[in-house]
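Below you'll find the structure, written out as structure tokens, and then a few comments.
Residue numbers (the working numbering): 79 to 231.
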């Protein structure tokens with residue numbers, strides 16, 4: 079499952095928003111109906127997971143944490159307690175709860191960004207927060223990807 083794109087949308091007065099059609103098509107192709115959403119661990123955005131991806135992530139996390147270690151249990155508890163289930167209605171909309179709107183700083187306009195097997199949801203702001211400056215991006219990419227001189231085009 080791969081989500082690609084950067085699409086802006088608008089929430090309605092109740093906090094509902096249409097999941098972009100390109101992302102709905104991916105979900106339909108994969109037969110996914112249930113989604114999970116939570117605030118990102120590092121950024122002020124939301125992450126939308128197809129349920130199958132969420133389950134894989136939970137199994138991976140659980141396998142790395144010791145059930146008998148207090149801190150590990152606190153980490154797991156905090157991570158899963160901030161999750162909400164999401165189901166698309168017949169029109170392809172879903173509700174962003176007031177809590178999620180607040181933690182992500184979303185007023186009305188949102189940006190959906192396909193990030194592999196998940197979708198990030200950002201507040202649309204003037205500072206273009208989710209992205210690096212073009213020059214910084216080029217330098218960072220060169221630093222990471224330019225280490226192997228044997229990569230062919």
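Here a beta-carbon is modelled for each residue, glycine too, at the ideal position from N, C-alpha and C.
Length of the line joining the Cα atoms of residue 151 and residue 125: 22 angstroms
Alpha carbon of residue 176 to alpha carbon of residue 94, nearest angstrom: 10 angstroms
Counted within 10 angstroms of its Cβ, other Cβ atoms place residue 182 as buried (16 or more) or exposed: buried
Helix, strand or coil at residue 187 [DSSP, three-state]: strand
Residue 142 classed as buried or exposed, judged by whether at least 16 other C-beta atoms fall within 10 angstroms: exposed
Beta-ladder partner(s) of residue 173, from DSSP: 94
Meets three-Cβ-pair contact criterion under 8 angstroms: the segment 111-120 and the segment 214-225: no
Given 8 angstroms, three or more beta-carbon pairs between the segment 92-110 and the segment 133-140: No: fewer than three Cβ pairs fall under 8 angstroms.
Exposure label - residue 100; buried when at least 16 CB within 10 Å: exposed
Spatial distance of residue 200 from residue 168 (CA atoms): 24 angstroms
Residue from 80, 82, 87, 79 with nearest C-alpha to residue 186: For residue 186, the nearest C-alpha among the options comes from 87.
Whole-angstrom distance between residue 210 and residue 219, CA atom to CA atom: 11 angstroms
Distance CB(residue 216)-CB(residue 83) smaller than 8 angstroms: no
Nearest-angstrom Cα separation, counted from residue 214 out to residue 134: 33 angstroms
Any beta strand (DSSP E) of 3 or more consecutive residues that is wholly inside the segment 109-155: Uninterrupted beta strand (DSSP E) stretches at least 3 residues long and entirely within the segment 109-155 occur at 112-117, 124-128, given in chain order.
CB-CB length for residue 96 against residue 197, believed under 8 angstroms: In fact, because the Cβ distance is near 13 angstroms, the residues do not count as touching under 8 angstroms.
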